[in-house]
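Structure record follows, encoded as structure tokens.
Protein chains: 2
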Amino acid sequence: MKPTSLLLLFLAIAVPASLTLAGDMPNKIHPLRPQVGSGGHHIPGVSCQSWRLAVETDNIKDWDVVPMVCENYVGNYMLGHQYRKDCNAAGWAAYDYAKGLTLKKDGKDVWIFDIDETALSNLPYYARPDNAFGAKEYNETTFKEWELEGKAPAVPAILYLYKRLLKLGFKIVFISGKSESLRSITVYNMKKVGYHTWEKLILKQTSESGTTAMVYKSKKRKELEEAGYRILGNMGDQWSDLMGSHVGNRTFKVPNPMFYIA
Amino acid sequence: MKPTSLLLLFLAIAVPASLTLAGDMPNKIHPLRPQVGSGGHHIPGVSCQSWRLAVETDNIKDWDVVPMVCENYVGNYMLGHQYRKDCNAAGWAAYDYAKGLTLKKDGKDVWIFDIDETALSNLPYYARPDNAFGAKEYNETTFKEWELEGKAPAVPAILYLYKRLLKLGFKIVFISGKSESLRSITVYNMKKVGYHTWEKLILKQTSESGTTAMVYKSKKRKELEEAGYRILGNMGDQWSDLMGSHVGNRTFKVPNPMFYIA
């Protein structure tokens, strides 16, 4: 069997599975559309499955859109079982580590979460035809409109982990690249879907808008450590959440094949 | 469709594909055996596909054997098309980065490769029933016997990358956790499969046997930088090849779901 036949057969299975699942999504999303000539570029000889692994392992960096040929593949992945199962595995690994720690319980045992595509999912936005699961160029205007609706569902595996970490006695710190101007709608959205409490919810100030996520988040983590917090775990969907300095004792990568942030 | 049905269907496709491929392997390997009660532990709710992604993203660390239920999954992956395609994607990403660099060509532009499961493949060894693609405990004695045969094939994608990096003008440094006592057979094996030249081939001294791979490799990279080398790329199948200090300008993770080295 040729690799292409294998991929096609795999996709043939994945499509009905994901369409069935669409009804389960917390927010109603568009059904999969036929592949259109939008977005990125084909990488010769690299299948979409391999492209996704290369993205998840940070081998492919600084990409701007999902390769056009992978739009349906990424859509099927994100709407199907596998994305949820991969998030569950990340959550399981994190909890398995966390429950083995002996916390000091002095209010300084911290677990850091990113927000977008980690605590909250923007999948209802990315599934829209104008975004095509990341195969179309990022649109700052429509994304901000979506953010202002405050309708992002939780990533179920991460919400579940969050609740269990709270029970273990962790203090939760959210560090997000979202603008400080979105604080009230972000707080509203987070609480609505089940993130009821946190030690800090750190958003990006206007003065920090020129810095990369990696530099900005490293600075925020440094400030936390200088304030006496111990970063025991750190979880995000971008490697820029998990690299740089002061990354914490352990990092956990949540899958995200839809966009890249440096 | 339930996740289990999806996984079973996927495996049903993957099995014939991998059996067909077995004949293409550089060294003759054993056909896939039925799943037996050997090795690791099941992780509740985590499928083998998700386990592999969690391993590749370093979410699951310090594991000692492949979970028993994933022995066939890992075997099919390693013998089938997907492992080769994933290696190709890692090689492609590395070359795409490397060709964009302006080298000084003063003999100090270095690319680092690990050896086992990066430059050379021990798949013929791991495919043996007594190793079960990593689902059985590591056996130091039989692995050393296999190393002393000097029969490891190259990982094709990495050999191809190596040749192209040489043409671009890189100096190649291999850093391996193999023992210095294996130098002559390693050199023989490397040259036989096509790695004809290198700046340095660094093996582990007896005095270094107590250190972890991450500490040992960080020390070797530090020594390279102190000697004036610039580490522009660094490629390995273990995160311990790519983390620690002096990791280089870019790192590239080669897939390996068969074993973990700290």
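Order-wise, the sequence lines are chains A and B. With this note's numbering applied, the first sequence covers 169 to 430. With this note's numbering applied, the second sequence covers 169 to 430. Even for Gly, the Cβ is constructed at its ideal location relative to N, Cα and C. None of the values given here were measured: they were computed from a predicted structure.
Item	Value
Chain B within 9 Å of A418 (chain A), Cβ atoms only	Ala is not the amino acid found at residue 418 (chain A); the sequence shown has Arg there. R418 (chain A) counts as touching chain B.
Residues from the segment 215–230 of chain B in contact with chain A, defined by Cβ distance under 8 Å	S215, Q217, S218, W219, L221, A222, E224, T225, D226, N227, I228, K229
Extent of the continuous alpha helix (DSSP H) to which E354 (chain A) belongs	In the sequence under discussion, the amino acid at residue 354 (chain A) is Thr, which differs from the Glu named in the question. Run containing T354 (chain A): 351–361, per the alpha helix (DSSP H) assignment.
Rounded C-alpha distance that separates V242 (chain B) from E394 (chain A)	44 Å
In DSSP terms, what I399 (chain A) is bridged to	A:V278
Residue-chain proximity (Q406 (chain A), chain B), Cβ-Cβ < 9 Å	no
Residue interval of the alpha helix (DSSP H) (run including K267 (chain A))	K267 (chain A) -> no alpha helix (DSSP H), and no H or E assigned at all.
For K196 (chain B), the three-state DSSP class (helix, strand or coil)	Low confidence applies here, because K196 (chain B) scores a pLDDT of 33, under 50, leaving its location unreliable and the question unanswered by this model.
Residue-level contact to chain A via CB, W366 (chain B), 9 Å cutoff	no
Bounding residues of the alpha helix (DSSP H) (the contiguous stretch that carries K390 (chain A))	381–394
Length of the line joining the Cα atoms of V142 (chain B) and T225 (chain A)	Residue 142 (chain B) lies beyond the stretch modelled for chain B, which goes from 169 to 430, so this question has no answer here.
Within 9 Å, strictly: CB atoms of V223 (chain A) and K253 (chain B)	no
Per-residue contacts from K421 (chain B) into chain A (C-beta, under 8 Å)	T225, D226, N227
Bridge partners - F342 (chain A), DSSP secondary structure assignment	A:F281, A:L369
Three-way DSSP call (helix, strand, coil) for A322 (chain B) in this model	strand
For T379 (chain A) and Y294 (chain A), the rounded distance between their alpha carbons	25 Å
Cβ-Cβ distance between A320 (chain B) and G259 (chain B) below 9 Å	no
Test item: CB-CB of P425 (chain B) and C255 (chain B) under 9 Å	no
Where G208 (chain B) sits in the DSSP three-state scheme	Here the model assigns G208 (chain B) a pLDDT of 46, short of 50, so the residue's position is not dependable, and the following value carries that caveat. If DSSP states are grouped into helix, strand and coil, G208 (chain B) belongs with coil.
Selection from A:T310, A:E348, A:F281, A:K346 that minimises the alpha carbon distance to L333 (chain A)	A:F281
Beta bridge counterpart(s) of G404 (chain A) as assigned by DSSP	A:K421
Close beta carbons around L269 (chain B), own chain, < 7 Å, minus the five adjacent residues each side	L400
Beta carbon of K390 (chain B) nearer than 9 Å to that of W366 (chain B)	no
As assigned by DSSP and simplified to three states, the class of S375 (chain A)	helix
Terminal residues of the alpha helix (DSSP H) in which M246 (chain A) lies	239–247
Any C-beta of chain B under 9 Å from that of K253 (chain A)	yes
C-beta atoms of K360 (chain A) and G404 (chain A) nearer than 9 Å	no
Of the listed residues B:L336, B:K229, B:V323, nearest to L271 (chain B) (C-alpha basis)	B:L336
Test: W260 (chain B) CB closer than 9 Å to a CB of chain A	yes
Environment of L316 (chain A) [buried if 16+ CB atoms lie within 10 Å]	exposed
Collapsed DSSP secondary structure at S413 (chain A) in the structure displayed	coil
CB contact check: G213 (chain B) to chain A, cutoff 9 Å	yes
Segment contact, 8 Å Cβ cut-off, at least three pairs: the segment 284–302 of chain B with the segment 371–378 of chain B	no
Between the CA atoms of M246 (chain A) and C238 (chain A) - distance to the nearest angstrom	12 Å
Local conformation of T172 (chain B) per DSSP, three classes	Interpretation of T172 (chain B) is limited by its pLDDT of 41, a score under 50 that renders its predicted location unreliable; the figure taken from the coordinates is listed afterwards. Looking at T172 (chain B) - three-state DSSP - the assignment turns out to be helix.
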